[in-house]
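Just so we're aligned, residue 41 is where the first sequence starts under my numbering, counting upward by one. Ideal placement from N, C-alpha and C gives every residue a C-beta, glycine not left out.
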Amino acid sequence: MPVEIKTLLDADYITRDEKAVIRLFYKKKNGREIVEIPDFDPYFYVTADDDKNLGELDENIKGLPNVIKIERKQMTDIRDEILVLRVTVKEPRNVPELREKIKGLEHCREVREAAIPFAERYIINSSLVPMENCEEISMNIASFDMEVYNPRGEPHSDKDPIIMISYADSLGLERVWTYRGGNVKLPFLEILDNEEGIIKKLVDTIKKQNIDIITGYNTDNFDFPYLKERAEKLKIKLDLGIDESPVKLERRGMNLGARIRGRPHVDMFPICRQVFNLSRYRLEDVYLEIYGIEKPDIKVGELAKIWDSEDTEELRKLFEYSMSDAICALKIAVSLLPRQYELSQITRDLIYESSRSASGQRVEALLVRKAYEKNIIVPNKPSDRIAEERSRLTYVGAYVVEPKKGIHDNIVLFDFRSLYPSIIISHNIDTSTIDCKCCEKDHYKSPTGHYFCRKNTGFIPEVLNEIVTKRIAVKKRMNEEKGHEKRKFLDVEQQALKILANSMYGYFGFARARWYSRECAESIAALGREYIHKTISDAGKDGFNVIYGDTDSVYITKPGEGKKEKILENAVKFSDKINRELPEGMELEYGGFYPRGIFITKKRYALTDEKGKLVVKGLETRRRDWANIAKETQEAVLNAILRDKDPERAAEIVKKAVQDIKTGNVPLKELAINTQITKGMAEYVQAGPHVVAAKKAIKKGYEFKQGDIITYIVTKKGGSISDKSVIMDFVKEGDYDADYYINNQVLPAVMRILEALGYSEDELKGLGKQMKLGGF
DNA sequence: TACCAGAGGAG
DNA sequence: AAATCCTCTGGTA
41 MPVEIKTLLD ADYITRDEKA VIRLFYKKKN GREIVEIPDF DPYFYVTADD
91 DKNLGELDEN IKGLPNVIKI ERKQMTDIRD EILVLRVTVK EPRNVPELRE
141 KIKGLEHCRE VREAAIPFAE RYIINSSLVP MENCEEISMN IASFDMEVYN
191 PRGEPHSDKD PIIMISYADS LGLERVWTYR GGNVKLPFLE ILDNEEGIIK
241 KLVDTIKKQN IDIITGYNTD NFDFPYLKER AEKLKIKLDL GIDESPVKLE
291 RRGMNLGARI RGRPHVDMFP ICRQVFNLSR YRLEDVYLEI YGIEKPDIKV
341 GELAKIWDSE DTEELRKLFE YSMSDAICAL KIAVSLLPRQ YELSQITRDL
391 IYESSRSASG QRVEALLVRK AYEKNIIVPN KPSDRIAEER SRLTYVGAYV
441 VEPKKGIHDN IVLFDFRSLY PSIIISHNID TSTIDCKCCE KDHYKSPTGH
491 YFCRKNTGFI PEVLNEIVTK RIAVKKRMNE EKGHEKRKFL DVEQQALKIL
541 ANSMYGYFGF ARARWYSREC AESIAALGRE YIHKTISDAG KDGFNVIYGD
591 TDSVYITKPG EGKKEKILEN AVKFSDKINR ELPEGMELEY GGFYPRGIFI
641 TKKRYALTDE KGKLVVKGLE TRRRDWANIA KETQEAVLNA ILRDKDPERA
691 AEIVKKAVQD IKTGNVPLKE LAINTQITKG MAEYVQAGPH VVAAKKAIKK
741 GYEFKQGDII TYIVTKKGGS ISDKSVIMDF VKEGDYDADY YINNQVLPAV
791 MRILEALGYS EDELKGLGKQ MKLGGF
């Protein structure tokens, strides 16, 4: 009989007759399935201060209420084989109380694995893979978005109603539900009686359309909390769960998570923040990034006014805008969800979890599962106090070469392929292998003085090797695959594996990690420094000039050699020689040839490749907290100098930008500066312009929270720069401080380039009139 | 002018 | 709730 294809969307447990029953929510090719597991009992482990005291500890635990069974088990604890007690208890809710009681018992060293959620425990122990096969089962995905009445600025869910809900799904249904529309006729528009009607319509539609995954943009922290409060007020059931259970809001650190049983809710906002590097992360910014298309926009500040005016044309625009929000969120979900499916499968974590977890949590989810497979007892998470202590202890990281400043020609780049992962594997770096007793102390020591076992492969190197091996296999399959769709899936998979592999080093140094080891992190970094130092020194011996290098890369030139072919020939010989001496699994790779480059300081430089394409690192052009006018002028100057070798034009470009600013015709869009609020407003010791601008906006009814990006303009009015800074929404075109944008934005950005060419401050001061830039 | 807080980038 | 290294700005004394 063929195995039926199904995918695990969600899991939880319910309590029935004082017994926990695991529920597994599957989607099949046709229909759904809820599998109930009634006979899985919660358990945790207890370790003793000494093996000989295990019996006494056992006796003491036996007497505690709700303990069903105690067994002895041999397990690996970091590097030791130890005997532990496996304590099975009646219900999951008994675990926290028993943990506390047992912790206080004599001879108890630690209670372990007591904080692993029950349903997750079952998934681990049964080797289930969430979202497995999901590529073969078509998922019904729906997104929604709400517009809310906001006559006083920020809306408040206790009094301001939802005025429309837009909905789009992968089956092709698109709707805007509202209850005031004048005579507007639009194919997707449905006018219902009231707020209650539109909320009920959303709930009914999701059920009727048989939706498997619900998405939206910022739905965790706005739409669902708001919807939930409105529904409660109107006494409407928000029973979106497959089992008709209501939407549940969970605390997740500083944020909320809206959980829907059996029908995963995935908020695309945090995912977009992880995936893209943008100046801002509004829906329209992300949409523009993916599809290159501008989304219709309205000013949300005028939303209430439009609603009250009942102006047909304005309402029509509002409906179209609302519709586009749901459609954009759906499109973003369709393009990014495959990545989430892969992450879920690789880390074997439910998509609700994996779509909200940061890289440390993802690594840890994977390690906890691999530990179970290998009979390793999982270390506990550190307490807040321990985590804080750990963060205070820093260590030396990567090495950065002081660049040879100025212009260079015919530059060759080499870098170590996956330097840190390959060091962890090649040097077997792990908490179980560090300074082991089984290996003699005379063998190779890392620069930190630590050494790593050569007999037994450590846990993390083994897991990492599995990831790397799998990635190689996936890449191979991808390259052989002809079908475009299949190829894309394999590419997403190999990228997900790469991200995970690259997170492992950071995980060692992560203060809240279960497998934290500053010594391991430090050793990896130290070995990295050793490899790059050796590469630099060998390059010098072979007659190369090392222009720059950072962590795992070197930029080199060959003095006295003008022909590209000859340079590359020599360079490849050089890297071959390096590679012959490297341990297996490590490789110095050719990274490209650049006809020209300019190096300013560490981590700040620009190159042109052979196609004339500009590559900029670290300079203002790459930063979101600089105005477009400065970034674009700098980029144009770089192109003029590097690609066109035309410094005269560079001077013209600067002159024109300065002129434009002076005449007052530069649009605000070109002057906006984006800066993130990285802490609570009250915590600022020193308020920068973005904080001051935000505070002014708050006085006018705006709300900002940690993580929000402030877009502000330096206006004419005020003393200090902060005084002059105002949120862009409040600024009229033309109201900007020309002086600031010339002297604090455009000129510093371009002068850095020109100074690196050997022009003195004084020469450059004459910029306003003319600039003589000959002879380089 | 010197120093510090804060931000965001590189790898 | 991944690490460190690094540059640069604007506020403050």
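> Is R112 near the ligand FAD, judged by its Cβ being under 6 Å from some heavy atom?
Replying inline: Looking at this structure, you won't find the ligand FAD or any other ligand, since it has none at all.
> From K812 to Q674, what distance separates their C-alpha atoms?
Replying inline: Within the first sequence, residue 812 is the residue found at index 772, counting from 1. Within the first sequence, residue 674 is the residue found at index 634, counting from 1. Model confidence at K812 stands at a pLDDT of 40, short of 50, so the residue's coordinates are unreliable; what they give is reported in the following sentence. So the two alpha carbons sit approximately 18 Å from each other.
> So, helix, strand or coil for F770, using DSSP?
Replying inline: Start at 1 with the first residue of the first sequence, and residue 770 comes out as number 730. In the structure shown, F770 sits in a helix (DSSP, three-state: H, G or I).
> If we call anything under 7 Å between Cβ atoms a contact, is I205 one with I238?
Replying inline: Residue mapping note: residue 205 aligns to position 165 of the first sequence, counting from 1. Residue mapping note: residue 238 aligns to position 198 of the first sequence, counting from 1. Yes; because the gap between Cβ atoms is below 7 Å, this pair is in contact.
>> Taking the beta strand (DSSP E) that A60 belongs to, which residues open and close that run?
In response: In the first sequence, the residue the question calls residue 60 occupies position 20. That run of the beta strand (DSSP E) goes 59-68.
>> Residues in the same chain with beta-carbon distance under 7 Å from N165, minus the five sequence neighbours each way, listed in chain order, please.
In response: In the first sequence, residue 165 corresponds to position 125, counting from 1. Counting only Cβ-Cβ distances below 7 Å, and skipping sequence neighbours, we find Y412.
>> Using a 10 Å radius around the Cβ and a threshold of 16 neighbouring Cβ atoms, would you call L211 buried or exposed?
In response: Counting from one through the first sequence, the residue named residue 211 turns up at place 171. Exposed.
> In terms of DSSP beta bridges, what is R396 paired with?
Replying inline: On the first sequence, position 356 is the one that residue 396 refers to. Partner(s): none; R396 has no beta bridge.
>> So I181 and L370 are supposed to be a Cβ contact under 8 Å. How far apart are they, rounded?
In response: Along the first sequence, read from residue 1 onward, the residue named residue 181 stands at position 141. Along the first sequence, read from residue 1 onward, the residue named residue 370 stands at position 330. That pair is a contact at about 7 Å.
> Considering only residues of the segment 447-493, which uninterrupted beta strand (DSSP E) runs meet the minimum length of 3 residues and lie entirely inside it, listed in chain order?
Replying inline: none
> T703 by DSSP, collapsed to three states: which one?
Replying inline: If you number the first sequence from 1, residue 703 lands on position 663. Three-state result, T703: helix.
>> Given this structure, state the Cα-to-Cα distance separating K113 from R126, to the nearest angstrom.
In response: Counted from its first residue, the first sequence places residue 113 at position 73. Counted from its first residue, the first sequence places residue 126 at position 86. Approximately 7 Å between the Cα atoms of the pair.
> Using DSSP with H/G/I as helix, E/B as strand and the rest coil, what is C148?
Replying inline: Along the first sequence, read from residue 1 onward, the residue named residue 148 stands at position 108. Here C148 sits in strand by DSSP.
> Roughly how many angstroms separate the alpha carbons of E334 and S362, rounded to a whole number?
Replying inline: Stepping through the first sequence from its first residue, residue 334 is reached at position 294. Stepping through the first sequence from its first residue, residue 362 is reached at position 322. Rounded to the nearest angstrom, the two C-alpha atoms are 14 Å apart.
> Given 8 Å as the limit, is there contact between the segment 158-172 and the segment 349-368, that is, 3 or more CB pairs closer than that?
Replying inline: no
>> Within 10 Å of its beta-carbon, does E235 have 16 or more other beta-carbons around it, so buried, or fewer, so exposed?
In response: Residue numbering aside, residue 235 sits at position 195 when the first sequence is read from its first letter. The residue in question, E235, is buried, as its Cβ has 16 or more Cβ neighbours within 10 Å.
>> Comparing C-alpha positions only, which one of R292, E214, F158, D348 sits nearest to G221?
In response: As a first step, residue 221 is located in the first sequence; it is residue number 181 there, counting from the start. A check of alpha carbon separations from G221 across R292, E214, F158, D348 identifies D348 as the nearest.
> Taking the C-alpha atoms as reference points, what is the distance between E76 and A159?
Replying inline: Residue 76 sits at position 36 when you count from the first residue of the first sequence. Residue 159 sits at position 119 when you count from the first residue of the first sequence. Their backbone Cα atoms lie some 11 Å apart in a straight line.
> Expressed to the nearest angstrom, what Euclidean distance is found between the alpha-carbon atoms of S319 and N714?
Replying inline: In the first sequence, counting from the first residue as 1, residue 319 sits at position 279. In the first sequence, counting from the first residue as 1, residue 714 sits at position 674. Distance between the alpha carbons of S319 and N714 is about 7 Å.
> Nearest CA to the CA of V508: which residue from K141, H524, L537, K495?
Replying inline: Sequence index remark: in the first sequence, residue 508 carries index 468 (1-based). That would be L537, whose Cα lies nearest to the Cα of V508.
> Applying the criterion that 16 or more other CB atoms from any shown protein chain within 10 Å of the CB defines a buried residue, is G580 buried or exposed?
Replying inline: For the purposes of this step, residue 580 is taken as the residue at position 540 of the first sequence. When all chains shown are included, G580 counts as exposed.
> So what does S765 bridge to, in DSSP terms?
Replying inline: On the first sequence, residue 765 is found 725 positions in, with the first residue counted as 1. Note: S765 sits in a beta bridge opposite V754.
> For T718, which three-state DSSP category applies?
Replying inline: Within the first sequence, the letter at position 678 stands for residue 718. Note: T718 maps to coil in three-state DSSP.
>> Assuming Y392 and P304 are in contact, meaning their beta carbons sit under 8 Å apart, how far apart are those beta carbons, in whole angstroms?
In response: Position 352 of the first sequence, counted from the first residue, corresponds to residue 392. Position 264 of the first sequence, counted from the first residue, corresponds to residue 304. With 8 Å as the limit, Y392 and P304 qualify as a contact, their Cβ atoms being about 5 Å apart.
>> So for Q534, helix, strand or coil by DSSP?
In response: Looking up residue 534 in the first sequence gives position 494. Residue state, collapsed to three classes: helix.
>> For the segment 485-499 against the segment 449-460, do three or more pairs of beta-carbon atoms, one drawn from each stretch, fall closer than 8 Å, so that the two count as touching?
In response: no
> Pick from K240, K740, D120: whose alpha carbon is nearest that of Y219?
Replying inline: Taking the first sequence and counting its residues from 1, one reaches residue 219 at position 179. Of the listed residues, the one whose Cα sits closest to Y219 is K240.
>> Quick check: what's the CA-CA separation for K524 versus S593?
In response: Residue 524 sits at position 484 when you count from the first residue of the first sequence. Residue 593 sits at position 553 when you count from the first residue of the first sequence. One point to set straight first is that residue 524 is His, not Lys, in the sequence displayed. Near 33 Å, if we compare the C-alpha coordinates of S593 and H524.
> For S206, which three-state DSSP category applies?
Replying inline: Working through the first sequence from its first residue, we reach residue 206 at position 166. Residue state, collapsed to three classes: strand.
>> Could you check whether I669 and I710 sit closer than 7 Å to each other, using their CB atoms as the reference points?
In response: Locating residue 710 in the first sequence gives position 670, where the first residue counts as 1. Locating residue 669 in the first sequence gives position 629, where the first residue counts as 1. According to the sequence provided, residue 710 is Glu. The question's Ile does not apply to it. Yes.
> What did DSSP end up calling G814 once you bin it into helix, strand or coil?
Replying inline: For the purposes of this step, residue 814 is identified with residue 774 of the first sequence, where counting begins at 1. Because the pLDDT of G814 is 35, which lies under 50, any placement of that residue in the model is unreliable, and the question is left without a value.
> Pick from K757, L787, Q746, Y742: whose alpha carbon is nearest that of V694?
Replying inline: Counting from one through the first sequence, the residue named residue 694 turns up at place 654. Comparing Cα-Cα distances from V694 to each of K757, L787, Q746, Y742, the minimum goes to L787.
>> Buried or exposed for Q810, going by 16 or more other Cβ atoms inside 10 Å?
In response: On the first sequence, residue 810 is found 770 positions in, with the first residue counted as 1. With a pLDDT of 43 at Q810, under the threshold of 50, the modelled position of this residue cannot be trusted, and the question is left open.
>> Quick test of your reading: I417 and R152, contact by CB under 8 Å. State the CB separation rounded to the nearest angstrom.
In response: Position 377 of the first sequence, counted from the first residue, corresponds to residue 417. Position 112 of the first sequence, counted from the first residue, corresponds to residue 152. Sure, about 5 Å apart at Cβ, within 8 Å.
>> Please state the DSSP three-state secondary structure of L797.
In response: On the first sequence, residue 797 is found 757 positions in, with the first residue counted as 1. Coil, per DSSP.
>> With DSSP as the reference, identify every bridge partner of N295, one or two as the case may be.
In response: As a working mapping, residue 295 is identified with position 255 in the first sequence. N295 is bridged to R292.
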